[in-house]
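Asker: Residue numbers (the working numbering), protein chains in the order written: chain A, 693 to 884; chain B, 112 to 571.
Here you go, one structure.
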């Protein structure tokens, strides 16, 4: 997993609430047996019209927006547990998702793929979405060490599980940690 | 202070606690399927790690399988490849697989309970968010991502923060025609789609105590639709009776010993929850959804609420509904009875009891998809198949089917589908398809009338 310490980038605003993982990556694209190529189909049915042409009004297609941060409406990532959603967002180039609320399974999947979910207050999110739309070149800085998200005119602290923070900063994943607990697991199994 | 059902099961599975961090939780049963497992097998292989406990894993093919002509090779090459990959991975790692055509094959959340794999007091996971279904047995069961599938493969454990505890109590008497599906759709419509996030939810009260195991599974299944990782119902005589004698259930003396333990699991009277809700059974009616998340539900007799909100309006635009609309008399061309929410024998019994002696409306394409081979067999043996066929319905073969439309069972663009599944997200049942969630009774009535009807006026 790639390390994440700090990031400064412009962002793409996605004002919609309750973005479910079926929208992030529709089920018909889940037939692959590897993790590659999902980025091409991220938000497929919002990015493209029914006739296959590009939906110019969708923020990812709007040339004024860019960067590796997605700022999205409340309750991002609800629905299906498909980790393909995290792979698709990472594949597209996102490193951070900012929202006022994340669904549990998505949040875990994101963290397991080096994609940082930054949960901010509703007021901060509302202002941020507004500011990005008014000024698409707005730089947003994410400082994981200090757990701060900031722009030139405001900042807010965000929460992250301390263990997951260490994993993100060092690029560790849970498998190594769990395997290091093998003896404890064996003794537990002996009590079953 | 007393403990909740959730605490008792969770605490009995803690292997280790990371200081200021998550806990290492032991997993008793790991269910896998073709869509969310291949990358996890690859991960282990690339790191040279072997599967810790293949004997605790059960595999099935369900998400991406055809529901017609299952004896023939799967036409779609990518799907065929994914299924072949599952077979190879299971053979190589000595994992039990109930593949296509096997008498135990079916939707993962239907087969594990019916085989007696799901038991009270267990921890169970699967790379599928509707794993919450198994909580109906007093099991801690929840969906996981593929990285976590790999973690369980490698260690039979997961690193987790202990969720908070929520209890939803429903007491009173349900009106005629109100099914378990209506109960959970009502709960979600009142509490909202993220009310359960960060929580494990226990369902309590006489309504759940009096419910069948099939009904309890329908309720727990949709816990994730209010954001809860899982739902649980205390095990009782109904639970024990259901498990007794099933293939993988403990037998004889061992069963009695287990029952004695299971009886200790229900929440203590003085246990405290982080959040509690109380609902009156009399307030619940047959439900229907009108929007693009499962929280956007109303009683079938109600009108779409008038809410000024951009996401709400976007949702109605997708559904081509207007604020204040009633859904009664809305013409419907597609009906789907199936999915891990409502594809058990009881669901087909209730549909058949309504359909008996009637004819399906000409305009309706109705897909009836049993949850498993065993359910399919039961449908035939109980004479339900002939009732459906006489009414003009065709039964398909088991699988997830049009719930997520990964296979060919897709609802065409712009069409409405009254569906017994669990998600009405945009495009869930096919690009541009419009899903209306309902109980199997409402779905059956829609198929007969060719439009949405007030079911309460059509009951004997």
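Ideal Cβ positions, reconstructed from N, Cα and C, are used throughout, including at glycine.
Residue 313 of chain B and residue 343 of chain B - do their beta-carbons sit closer together than 8 angstroms?
Answerer: Numbered from its first residue, the second chain carries residue 343 of chain B at position 232. Numbered from its first residue, the second chain carries residue 313 of chain B at position 202. Taking 8 angstroms as the Cβ cut-off, residue 343 of chain B and residue 313 of chain B qualify as a contacting pair.
Asker: Which runs of the beta strand (DSSP E) spanning at least 3 residues fall entirely within the stretch 771-806 of chain A, listed in chain order?
Answerer: Here the runs fully enclosed are 788-791.
Asker: Nearest-angstrom Cα distance between residue 446 of chain B and residue 700 of chain A?
Answerer: As a position in the second chain, residue 446 of chain B is number 335, starting the count at 1. As a position in the first chain, residue 700 of chain A is number 8, starting the count at 1. Their backbone Cα atoms lie some 49 angstroms apart in a straight line.
Asker: Would you say the beta carbon of residue 142 of chain B comes nearer than 7 angstroms to a heavy atom of the ligand GDP?
Answerer: In the structure on display, the ligand GDP does not appear, and there are no ligands present to speak of.
Asker: What does residue 192 of chain B touch in chain A if you count any residue whose Cβ is under 8 angstroms from its own?
Answerer: Counting from one through the second chain, the residue named residue 192 of chain B turns up at place 81. Those within 8 angstroms of residue 192 of chain B in chain A are 723 and 725.
Asker: Output the distance between the C-alpha atoms of residue 233 of chain B and residue 194 of chain B, rounded to the nearest integer angstrom.
Answerer: On the second chain, position 122 is the one that residue 233 of chain B refers to. On the second chain, position 83 is the one that residue 194 of chain B refers to. When rounded, the distance between both Cα atoms is 28 angstroms.
Asker: Is there a Cβ from chain B that is less than 8 angstroms from the Cβ of residue 792 of chain A?
Answerer: To locate residue 792 of chain A, count along the first chain from 1; it is residue 100. No, no contact with chain B.
Asker: Taking residue 463 of chain B and residue 554 of chain B to be in contact with their CB atoms under 8 angstroms, please state how far apart those CB atoms are, rounded to whole angstroms.
Answerer: To locate residue 463 of chain B, count along the second chain from 1; it is residue 352. To locate residue 554 of chain B, count along the second chain from 1; it is residue 443. Not quite, the Cβ-Cβ distance comes to about 12 angstroms (not below 8 angstroms), so this is no contact.
Asker: Given a cut-off of 8 angstroms on the beta-carbon distance, is the pair residue 411 of chain B and residue 430 of chain B in contact?
Answerer: In the second chain, counting from the first residue as 1, residue 411 of chain B sits at position 300. In the second chain, counting from the first residue as 1, residue 430 of chain B sits at position 319. No, Cβ-Cβ distance for residue 411 of chain B and residue 430 of chain B is not below 8 angstroms.
Asker: State buried or exposed for residue 372 of chain B, treating a residue as buried only when at least 16 other CB atoms are found within 10 Å of its CB.
Answerer: Locating residue 372 of chain B in the second chain gives position 261, where the first residue counts as 1. Classification for residue 372 of chain B: exposed.
Asker: Compare the Cα-Cα distances from residue 508 of chain B to each of B:211, B:318 and B:541 and report the closest residue.
Answerer: Numbered from 1 along the second chain, position 397 holds the residue referred to as residue 508 of chain B. The shortest C-alpha separation from residue 508 of chain B is found at B:211.
Asker: For a contact defined as C-beta to C-beta under 8 angstroms, what are the partners of residue 795 of chain A on chain B?
Answerer: In the first chain, the residue the question calls residue 795 of chain A occupies position 103. In chain order: 305, 308 and 338.
Asker: Which residues in the same chain have their Cβ closer than 6 angstroms to the Cβ of residue 207 of chain B, if we skip the five residues on either side of it in sequence?
Answerer: Locating residue 207 of chain B in the second chain gives position 96, counting from the first residue. So the qualifying residues of the chain are 169.
Asker: With three or more beta-carbon pairs closer than 8 angstroms as the criterion, would you say the stretch 175-194 of chain B touches the stretch 133-140 of chain B?
Answerer: Not touching, per the Cβ criterion.
Asker: Within the stretch 319-372 of chain B, note down every full alpha helix (DSSP H) run reaching 4 residues or more, in order along the chain.
Answerer: Counting only runs of 4 or more, we get 324-332 and 348-354.
Asker: Buried or exposed: residue 57 of chain B, going by 16 or more other Cβ atoms within 10 Å of its Cβ?
Answerer: The question about residue 57 of chain B has no answer, for chain B in this structure spans 112 to 571.
Asker: Going by the beta-carbon positions, is the gap between residue 288 of chain B and residue 552 of chain B smaller than 8 angstroms?
Answerer: Numbered from its first residue, the second chain carries residue 288 of chain B at position 177. Numbered from its first residue, the second chain carries residue 552 of chain B at position 441. Cβ distance < 8 angstroms, so residue 288 of chain B and residue 552 of chain B count as in contact.
Asker: Our contact map puts residue 385 of chain B next to residue 275 of chain B with C-beta atoms below 8 angstroms; I'd like the distance itself, whole angstroms only.
Answerer: Reading the second chain from its first residue, position 274 is the one you call residue 385 of chain B. Reading the second chain from its first residue, position 164 is the one you call residue 275 of chain B. Contact holds; Cβ gap of about 4 angstroms.
Asker: Comparing C-alpha positions only, which one of B:503, B:547 and B:127 sits nearest to residue 878 of chain A?
Answerer: Start at 1 with the first residue of the first chain, and residue 878 of chain A comes out as number 186. Nearest option by C-alpha distance: B:127.
Asker: Pick from A:757, A:865 and A:768: whose alpha carbon is nearest that of residue 827 of chain A?
Answerer: Within the first chain, residue 827 of chain A is the residue found at index 135, counting from 1. If we check each option's Cα against that of residue 827 of chain A, A:757 comes out closest.
Asker: Going by the DSSP bridge assignment, what does residue 849 of chain A pair with across the sheet?
Answerer: For this step, residue 849 of chain A is matched to residue 157 along the first chain. A:840, per the DSSP bridge assignment.
Asker: Let me know the secondary structure DSSP gives residue 505 of chain B once reduced to three states.
Answerer: Against the second chain, residue 505 of chain B aligns to sequence position 394. Strand, per DSSP.
Asker: Which one of B:387, B:231 and B:340 has the shortest CA to CA distance from residue 353 of chain B?
Answerer: In the second chain, residue 353 of chain B corresponds to position 242, counting from 1. Closest by alpha carbon: B:231.
Asker: List the residues of chain B whose Cβ lies closer than 9 angstroms to the Cβ of residue 877 of chain A, in chain order.
Answerer: Here residue 877 of chain A is taken as the residue at index 185 of the first chain, counted from 1. Near residue 877 of chain A (Cβ distances below 9 angstroms), the residues of chain B are 126, 127, 135, 137, 163, 266, 267 and 268.
Asker: Between B:436, B:469 and B:479, which lies nearest to residue 455 of chain B when the distance is taken from Cα to Cα?
Answerer: The sequence position of residue 455 of chain B within the second chain is 344, counting from 1. If we check each option's Cα against that of residue 455 of chain B, B:479 comes out closest.
Asker: Anything in chain A within Cβ reach of residue 272 of chain B, meaning under 8 angstroms, just list it in chain order.
Answerer: As a first step, residue 272 of chain B is located in the second chain; it is residue number 161 there, counting from the start. 853, listed in chain order.
Asker: By the criterion of Cβ-Cβ separation under 7 angstroms, what are the contact partners of residue 434 of chain B in chain A?
Answerer: Your numbering for residue 434 of chain B matches position 323 in the second chain. Chain A residues near residue 434 of chain B: none, gap ~17 angstroms exceeds 7 angstroms.
Asker: Less than 8 angstroms between CB atoms is the rule here; does residue 240 of chain B satisfy it with respect to chain A?
Answerer: Along the second chain, read from residue 1 onward, the residue named residue 240 of chain B stands at position 129. Yes, contact with chain A.
Asker: I'd like to know whether the C-beta atoms of residue 224 of chain B and residue 328 of chain B end up nearer to each other than 8 angstroms.
Answerer: Translated into the one-based positions of the second chain, residue 224 of chain B becomes position 113. Translated into the one-based positions of the second chain, residue 328 of chain B becomes position 217. For residue 224 of chain B and residue 328 of chain B, yes; Cβs fall inside 8 angstroms.
Asker: Kindly list, in the order they appear in chain A, the residues whose Cβ is closer than 9 angstroms to that of residue 534 of chain B.
Answerer: Working through the second chain from its first residue, we reach residue 534 of chain B at position 423. Within 9 angstroms Cβ-Cβ: 712, 714, 771 and 772.
Asker: Which two residues bound the contiguous beta strand (DSSP E) that contains residue 310 of chain B?
Answerer: Counted from its first residue, the second chain places residue 310 of chain B at position 199. Run containing residue 310 of chain B: 310-315, per the beta strand (DSSP E) assignment.
Asker: Which ranges would you report for the alpha helix (DSSP H) in the stretch 191-232 of chain B if only whole runs of at least 4 residues count?
Answerer: Within the stretch 191-232 of chain B, the complete alpha helix (DSSP H) runs of at least 4 residues are 219-225.
Asker: Sorted by chain position, which residues of the same chain lie with C-beta nearer than 8 angstroms to residue 318 of chain B's C-beta, five sequence neighbours on each side aside?
Answerer: As a working note, residue 318 of chain B is residue 207 in the second chain. For residue 318 of chain B, where only same-chain residues beyond five positions count, the Cβ hits under 8 angstroms are 281, 282, 283, 285, 294 and 392.
Asker: Can you list the residues of chain A that residue 160 of chain B reaches, using a CB-CB cut of under 9 angstroms?
Answerer: What you label residue 160 of chain B is simply residue 49 of the second chain in a count that begins at 1. Going along chain A in sequence order, the residues near residue 160 of chain B (Cβ under 9 angstroms) are 867 and 871.
Asker: Could you tell me whether the stretch 724-737 of chain A touches the stretch 523-533 of chain B, where touching means 3 or more Cβ pairs closer than 8 angstroms?
Answerer: No, the stretch 724-737 of chain A does not touch the stretch 523-533 of chain B.
Asker: State yes or no: is the C-beta of residue 142 of chain B within less than 8 angstroms of the C-beta of residue 219 of chain B?
Answerer: What you label residue 142 of chain B is simply residue 31 of the second chain in a count that begins at 1. What you label residue 219 of chain B is simply residue 108 of the second chain in a count that begins at 1. Going by C-beta atoms, residue 142 of chain B is nearer than 8 angstroms to residue 219 of chain B.
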